[in-house]
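I have placed the structure first, in the form of structure tokens, so that the comments after it can refer back to it.
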Amino acid sequence: MTGGTRTILVSGYASIDYALQLAPFEGFDATTRVRSRAEEWPRFGGIVHVTNAAVAADPEARVAALSWVGTDAEAAGWLSAVTESGADTIGVAVAGPRSPSSYLLYPEGQGAICLFDPGDCHAGDLNRAQRELIAQADLAVVTIGPAAATTELLKLLPRRCRLLWVVKQDPASLPKALAEALAARADWITLSEGERGYLDTIARVARPGTLVVLTRGAAGSELLHMTHERHAESLACVPAEPVGGVDTTGAGDTFSGTLAAHLARDPAHTPEEMLDRIRKAATATAHLLMARSERLVAAIESDEME
Numbered sequence: 005m006t007g008g009t010r011t012i013l014v015s016g017y018a019s020i021d022y023a024l025q026l027a028p029f030e031g032f033d034a035t036t037r038v039r040s041r042a043e044e045w046p047r048f049g050g051i052v053h054v055t056n057a058a059v060a061a062d063p064e065a066r067v068a069a070l071s072w073v074g075t076d077a078e079a080a081g082w083l084s085a086v087t088e089s090g091a092d093t094i095g096v097a098v099a100g101p102r103s104p105s106s107y108l109l110y111p112e113g114q115g116a117i118c119l120f121d122p123g124d125c126h127a128g129d130l131n132r133a134q135r136e137l138i139a140q141a142d143l144a145v146v147t148i149g150p151a152a153a154t155t156e157l158l159k160l161l162p163r164r165c166r167l168l169w170v171v172k173q174d175p176a177s178l179p180k181a182l183a184e185a186l187a188a189r190a191d192w193i194t195l196s197e198g199e200r201g202y203l204d205t206i207a208r209v210a211r212p213g214t215l216v217v218l219t220r221g222a223a224g225s226e227l228l229h230m231t232h233e234r235h236a237e238s239l240a241c242v243p244a245e246p247v248g249g250v251d252t253t254g255a256g257d258t259f260s261g262t263l264a265a266h267l268a269r270d271p272a273h274t275p276e277e278m279l280d281r282i283r284k285a286a287t288a289t290a291h292l293l294m295a296r297s298e299r300l301v302a303a304i305e306s307d308e309m310e
């Protein structure tokens, strides 16, 4: 804690996102139609949604990004997206001419496809400012980032610092040994239905009692805990507030960022306490999607009037 202020560290890739809603995928060597693209083009993603949500949930905390961007124009927009919410960027390294970017494809009824270009801004080791930031952290939200940097972060993290691991299915950035190290160190873990394959690893190495939140989008979320017998036991489910017909990019990260802020302020030691934090995170996520839906409706009505 720095000067009596909680420090929430959020680590992971930056990303300039281009999200597309598609018709059902027609397969390889065939044309699949784009039905719509995100209202923000591009949208500043990666850990931006996590930092923004954490600040909104706890404006009194210090929320700091640990990431990497290039020297291109997109990087300036990404940095502004972090700082405009009230988070700081002292832990963001700037190197190389090209920032990371993602094409996020959502074929109707078929999940999501992420095409990620990491850019050329990742030097390898953490820099001095990043190491100093890690030493100050009270809660670390570890998302997906360069494997070497995440490994170093885990080694430097103070013992007193709690860890929320936000699982992302990116095998190139999350080798088996790193996944095991994160699962063993984490106090809390969030993952989506599409990432539930990591539950076997988590159950094998996580400390008994570790709480895990499995999110299922519009179907809500499920709270599990790791037993002494090394398996994941379901405790309860929390419904989601349904919001249809809208781009869901960043919804999961908004959930995790909100959850992190509530856990930093008041850690959940029991399943009942964790369920309360999950409900708050679900509400914040619904508000994000409802705001997008309202803007989309307003834009459509405006076009029809012209």
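Throughout, this note's numbering is defined as the position within the sequence shown, counted from one, plus 4.
Glycine residues also receive a C-beta, built at the ideal position from the N, C-alpha and C atoms.
Being a predicted model, the structure only gives us computed values, none of them experimental.
Check: Through-space distance from Pro162 to Ala141, alpha-carbon basis; Outcome: 8 Å
Check: Extent of the continuous alpha helix (DSSP H) run through Ile148; Outcome: Note, Ile148: premise wrong, no alpha helix (DSSP H); not H, not E.
Check: Status (buried if at least 16 other CB within 10 Å, exposed otherwise) for Pro101; Outcome: exposed
Check: Residue range of the unbroken beta strand (DSSP E) whose run includes Arg166; Outcome: 166 to 170
Check: Pairwise C-alpha distance: Gly81 and Val73; Outcome: 11 Å
Check: Rounded C-alpha distance that separates Pro63 from His291; Outcome: 17 Å
Check: Beta-carbon contacts of Met278 that lie in its chain and below 7 Å, excluding the five residues immediately before and after; Outcome: Leu215, Leu227, Ala272
Check: Beta-carbon contacts of Arg66 that lie in its chain and below 6 Å, excluding the five residues immediately before and after; Outcome: Thr9, Thr11
Check: Beta-bridge partners of Trp45, as assigned by DSSP; Outcome: Paired residues: none, contrary to the question.
Check: Contacts around His126, its chain only, beta-carbon distance under 6 Å, and the 5 residues preceding and following it disregarded; Outcome: Trp72, Pro150
Check: Limits of the beta strand (DSSP E) - the one that Ala236 falls within; Outcome: 236 to 242
Check: Gly113, buried or exposed, once every other Cβ within 10 Å from all chains shown has been counted against 16; Outcome: exposed
Check: Sufficient close CB pairs (3 or more, under 8 Å) joining the region 192 to 200 to the region 210 to 225; Outcome: yes
Check: Local Cβ density within 10 Å of Ser238, reported as buried at 16 or more and exposed below that; Outcome: exposed
Check: Thr87 - containing alpha helix (DSSP H), residue span; Outcome: 77 to 87
Check: 8 Å Cβ cutoff met for Leu137 and Gly95; Outcome: yes
Check: The region 166 to 182 touching the region 18 to 31, judged by at least three CB pairs closer than 8 Å; Outcome: no
Check: Beta-carbon proximity of Phe259 to Ala236, cut-off 8 Å; Outcome: no
Check: Straight-line Cα distance separating Ala144 from Ser105; Outcome: 24 Å
Check: Whole-angstrom distance between Ala244 and Thr262, CA atom to CA atom; Outcome: 15 Å
Check: Own chain, CB closer than 7 Å to Arg39, minus 5 neighbours either side, in chain order; Outcome: Gln25, Leu26, Ala27
Check: Closest residue to Ala153 among Arg47, Cys241, Ser177, Asp124 (Cα-Cα distance); Outcome: Ser177
Check: As assigned by DSSP and simplified to three states, the class of Pro275; Outcome: helix
Check: Opposing strand residues paired with Ser196 [DSSP bridges]; Outcome: Thr219
Check: Nearest-angstrom beta carbon gap, Ala97 and Ala68 [assumed within contact, 8 Å]; Outcome: Not confirmed; about 13 Å, so no contact.
Check: Among Phe48, Gly16, Leu130, Val59, the one whose alpha carbon lies nearest that of Arg269; Outcome: Val59
Check: Neighbourhood of Val54 by C-beta distance below 8 Å, restricted to the same chain and skipping five residues each side; Outcome: Val14, Gly16, Val145, Thr147, Val170, Asp257, Thr258, Ser260, Gly261, Ala264
Check: Residue nearest to Lys159 in terms of C-alpha spacing, selected from Arg37, Lys180, Ile206, Ala185; Outcome: Ala185
Check: Backbone CA spacing between Pro179 and Val86 [nearest angstrom]; Outcome: 28 Å
Check: Anticipated Cβ contact below 8 Å, Ala190 with Ala210, distance rounded; Outcome: 7 Å
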